[in-house]
Amino acid sequence: GGKDAASPRYVFTCLSPITRLLFPKEDDILLDFLNEDGLSIEPTWYVPIIPMVLVNGCERIGTGWSTFVPNYNPRDIIANVRLLLNDKPIQKMEPWYKGFK
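Reminder that position 9 of the sequence shown reads as 54 in our numbering, one-by-one numbering, no gaps.
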């Protein structure tokens with residue numbers, strides 16, 4: 046009956062200022078957008094300028110397989126992306142967790 050629906054006070058969202066640095070507006074024309082009731086609502090997928098799976102890490106299990114990707118320092122990732130773009134060998138990265146010593 047809808048009693049388990051979220052409270053209306055939670056429906057407002059907005060982008061963090063860093064979002065458009067990771068997902069430049071200039072790239073929007075390359076994306077396929079979902080359509081709901083005639084309105085373009087969001088991209089089918091996003092294309093960040095750095096591999097976010099390396100920033101956030103990933104740990105998942107599936108049928109017969111498991112995946113673990115540790116977090117890496119965004120600065121190291123950016124440095125390696127720049128190396129790749131300039132046809133230079135990438136540097137080995139060490140897992141990194143903000144605030145961990």
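Just so it is clear, CB atoms sit at the ideal spot from N, CA and C, and this is done for glycine as well.
In the three-state scheme derived from DSSP, where H, G and I count as helix and E and B as strand, Glu139 is classed as coil.
Residue nearest to Pro134 within the set Lys143, Val126, Asn116 is Val126 (criterion: CA-CA distance). Between Tyr91 and Leu76, the alpha-carbon positions lie close to 7 Å from each other.
The beta carbon of Tyr142 sits closer than 7 Å to those of Asn116, all from its chain and outside the five residues before and after it, given in chain order.
Shortest Cα-Cα distance from Gly102 to any of Thr108, Thr89, Asn118, Gly109 involves Asn118. As DSSP reads the structure, Leu84 sits in a beta bridge with Glu81. For Val92, the three-state secondary structure derived from DSSP is coil. For Ile122, the secondary structure class from DSSP, reduced to helix, strand or coil, is helix. Distances from the CA of Ile63 to each of Ile95, Lys137, Ile74 were compared; the closest alpha carbon is that of Ile95.
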